[in-house]
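For the sequence shown, the working numbering begins at 427 and goes up steadily by one.
Written out below as structure tokens is the structure these notes cover.
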Amino acid sequence: MDALDVEQDIQLERSAPALLADLGKSLGPFLTRSGHVRRNVRVADTDRLVNLLEPFQELPQLLDPHLKTFVPLLAGTFIECLQTPPKNPANTHLLIPLTKAICKLLYTFCKVRGEKVIVQFLSTETSHLELLLSALEKGNQDTGQTLSKAWSWEERYVTLLWLSQLLLVPFDLASISSQGTEDIVELHIPNFVCPPNVPAITLRVISLAIRFLSSSGKERDAAKILLVRLATRPDMRQVGVLSALVKWALSCLNPTLTLQSSPYHYIGILSFLAGMLHSSIGTPNMLQYLSAIFNVTRDQDDLPTTILDVINKSALSRIFVIKIFRAIALLELSNPHLTDLDRVQALIGDLLEYLEDSATPVRLAASKALSIITLKLDSDMASQVVDVVLDTFQGTYRTEKGISNISDVKPFQWHGLVLTFSHLLYRRSIPPGSLAPVLNALRLALSFEKRTSPSATSTGTNVRDAANFGIWALARRYQTAELEDIHLESIDDPTKVQLALQTLAIDLIISGLLDPAGNVRRGSSAALQELIGRNPEKIHKGIKVVQLIDYHAIALRSRAVGEVAIEAAALSDAYYHGLLQALMGWRGLKDTDATARGVAASAVGKVVWARRLRTQDPWPEYQETLNHTLERMKSLSIRDSDERHGLILCLAAVISPFTKQTLHTPSSAQNDTVITVLETTDKAISYVSDSWSTIRNQHLIAEATSQLFMATNGLLSLDNIDTNLPARLISGQLEAIDKFISIGGSSANIISDAIADLLKLIEQSKMDMLIKQYVYNSKMLPKSRKASRNGAYLHTILKIFPLASFHQKSIITTIQEIWTEDRDTDTRVEILRCLGTSHIIHTDLDSIFNLVEEGLDDFTTNAQGDVGSKVRIEAAKVVRAIWETADMPVTKLRIRNRLCGKILRTAADKLDKVRQQGQHSLLLDQFVLRHPQSCNIC
């Protein structure tokens, strides 16, 4: 049920000082030796330093105080290495050049903290421009390059990024161009028309940037930044570099029937255009090219095969197209002379289509672009955009009898639409008067879940996560006065109208406690904290709710559902009804995970039972809960096996505490409730028995129904029940048990417990007949069949051993015969597992000693390996159980003489699991630990 949800942020906060201290202590010796810069370093040392930085991706801000130390040190050493390069750098599987190792570390810093932060700590010395440019050219020559001298992608990425930072120098590039290189720099770039009077250093930068703009790796990002930075320099605009680069990019994207280069080349060009447009917002630099860019990136529908048709198969290219659309719209809207909005409207229509893209980053980019554009529109047109998004959302589902039917919803489309709502709220693009329908949409999205099949993964997690963001943005951007008068319709009953703030708080409580996804629970917790923190007086017991549904308290789902939800339900009737209804839904009893359904059923039982303490007359509501659960179970179809299992577990969990209290403190006021409980159980048993042949997952239903038996059976011994219900219930249970006992596996333990519990309620003659039947069936089962197919007979005859005073010898003989005749490993494992909890080890220890000894000596091997190890593990557990229950010194001496040698051998077994169980058994006998030589190891 609980995914491996270790709280990494907490662990990182604790370990960060040690990691940073280790990094600071290691960097010096890593870079230098005896005061001189190293030429080569070990790969293992480099990887160790990288691994010290990787964990900080969880909390990158922890690095901030140390960046001013680490980054300049690495950058300075990198420059020093470039100034005196080694003649024959090493590049083997053990050693790499120091420059490569430094760039691996700098790239890791960029990955963890972000390149925009890291470049601020790089040197801006103008002299480094020529050095880095020459080194990049030399390390990436097309011919005559040995493997040891060829640069890695990390070196290219860091150097290109550094060059882009150096281009911020306020001097004209012509003043720092290399002397004597003007005549030897030639550009061989198709379709690029170089303007006159361009400095040589500019040509060299253009050549390298365009080359790496076609890369499939991270170099492309750095090359794009470098090229945009170069083109937007004032001196480069004056000589025509910006115009030449934009025209070259447009010429490469002209519609053609075939691709002239790899798709990565065109993706790089799109990223360059997006960067140019974004950097020119607020300036007239790109206004003259908007029409051409708009046409070349959008209007290519007249050809059967175009460049964009091919490269748009990449999600990355679609993201850059969206960024281009966003920048075009913003530049158009910033133009004071704009009179025609047709182009902006067309772009908004395209962005709306991208909201249902199959790639999550594309939907995110489209929703963000729509919200930014909407913010720049006038109020009327902005309202139209919101209405279109809202109408699209409402058109994706049907409303039947006041209940939303979302069976036909496309999860991708909903995710894009909900993200758009969230970004619009974050930028306060929706007026307060139009919030109600948007909030209803977010509420519906917060409870959205869809699976294509019972075993399929969830497709609703990102939708619910986006809804959390939307509610958080609402609380963050809107004032209490704007929200307190908003009323929302109930999702289940449109005739009910509720205050928005309190309703959103209830929804977030439910999501934060019950959602299967940990990131959604934490997102709901964060949104709830923001909502209550900014509107504390408008939410019932808001401070207690925030303290209870803490970010860390709901990290594990089992704790959130089994503990925190019960405490939250006790705070308010509204919270109780909301949580109870949600626990009965897909986040609880309908969950696809059987363990999660069990936890949810237990939570329902505790919540319902705790309710009685807050009500003067709790029993009518308690009876109503039982009747509602039973009627809901009867209405299920054949394939609703998960919900059927959850509802039966729910009945057992609700009835169990009532039975315990009734037996402990009987009261005539509870007689009607006792009758209701027995009638509900009787009807549930009849339902299971009548539909048994069509029920799926019979082992789960048998297990849940057995728990219901044990929860109710205590009431059958009450004297004040005048009806024939007890006899009918016992008869119904016996009929059901006949079906269940043939089921084995993990359910056999609970089924056998229910049988042993039931036999205490029937008359002796009937019990003797049943015991004989169970023993007989155990003997007559075909041999060499796996224990999982032997049903629950083995478990049952051992658990009823104390009741079978006239059949104990027969039971022991049966077990010994099965052990001797059926040498199947799984059968022996099952027998030993049953013996560990059986009464036999107290009263008839001698009769099973040989079974335990043979189990400890089982070294059976087959194609699967040492399968006998499973038998040795269970035998060691039986030894532990025997020793713990032995209370006479004579008994302990006999156990020690017969078993301690074998246990010592088991404690030294080569297999970890076997050795662990052997050591656990050995620790119980302090005499053997002090005198191991006293044991006869055989």
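From the three backbone atoms N, C-alpha and C, an ideal C-beta is built for every residue, glycine too.
Residue nearest to Asn623 in terms of C-alpha spacing, selected from Ile651, Ser1028 and Ala600: Ala600
Cβ separation of Leu445 and Leu478, assumed to be a contact under 8 Å, to the nearest whole Å: 5 Å
Asp471 to Leu587 span [Cα, whole Å]: 25 Å
Inter-residue CB distance, Arg464 and Leu524 (contact presumed, cutoff 8 Å): 5 Å
DSSP state of Glu826 mapped onto helix, strand, coil: strand
Identified DSSP bridge partners for Ile522: Val467
Rounded straight-line distance, which links the Cα of Val864 to that of Val788: 22 Å
Own chain partners of Leu438 with C-beta closer than 6 Å, once the 5 adjacent residues on each side are dropped: Pro481, Glu484 and Leu485
Residues that Gly1291 bridges to, as DSSP identifies them: Asn1288
Per-residue burial, Glu782 [other beta carbons within 10 Å of its own, 16 or more giving buried]: buried
Status (buried if at least 16 other CB within 10 Å, exposed otherwise) for Ile707: exposed
Assigned exposure category for Gln905 - 16 Cβ within 10 Å defines buried: exposed
Other residues of its chain near Ile832: CB distance less than 6 Å, five sequence neighbours each side excluded: Tyr823
Alpha-carbon spacing of Gln1345 relative to Thr1332, whole angstroms: 8 Å
Residues bridged to Arg459 (per DSSP): His462
Rounded straight-line distance, which links the Cα of Cys536 to that of Gly502: 17 Å
Start-to-end residues for the beta strand (DSSP E) that takes in Glu915: His913 to Glu915
Alpha-carbon spacing of Ala1289 relative to Leu1141, whole angstroms: 52 Å
Meets three-Cβ-pair contact criterion under 8 Å: the segment 941–961 and the segment 893–905: yes
Reference Tyr977; option with closest CA among His966, Asn945, Gly540 and Pro1228: Asn945
Best match in Ala1174, Asn1150 and Lys1225 for proximity to Lys1186 [C-alpha to C-alpha]: Lys1225
Length of the line joining the Cα atoms of Asp609 and Phe698: Low confidence applies here, because Asp609 scores a pLDDT of 49, under 50, leaving its location unreliable and the question unanswered by this model.
Buried or exposed (CB count within 10 angstroms, at least 16 for buried), Tyr1200: buried
Anticipated Cβ contact below 8 Å, Gln1087 with Trp1045, distance rounded: Actually they do not touch by this definition, with Cβ atoms about 12 Å apart.
For Asn1097, the three-state DSSP class (helix, strand or coil): helix
Test item: CB-CB of Ile1274 and Gln1343 under 7 Å: no
Nearest candidate by alpha-carbon position, reference Asp817, set Ala791, Asn866 and Lys1296: Asn866
Three-state secondary structure (DSSP) of Leu713: helix
Opening and closing residue of the alpha helix (DSSP H) in which Val672 lies: Val667 to Cys678
Any C-beta of chain D under 7 Å from that of Asp891: The structure shown has no chain D; it contains just one protein chain.
Option nearest Arg724 by Cα separation, candidates Ile750, Leu742 and Pro710: Ile750
Coarse secondary structure for Val923, derived from DSSP in three states: strand
Inter-residue Cα distance where the pair is Gly701 and Leu982: 43 Å
Helix, strand or coil at Asn623 [DSSP, three-state]: coil
DSSP state of Asn1123 mapped onto helix, strand, coil: coil
Backbone secondary structure at Gly1344 - three-state DSSP: helix
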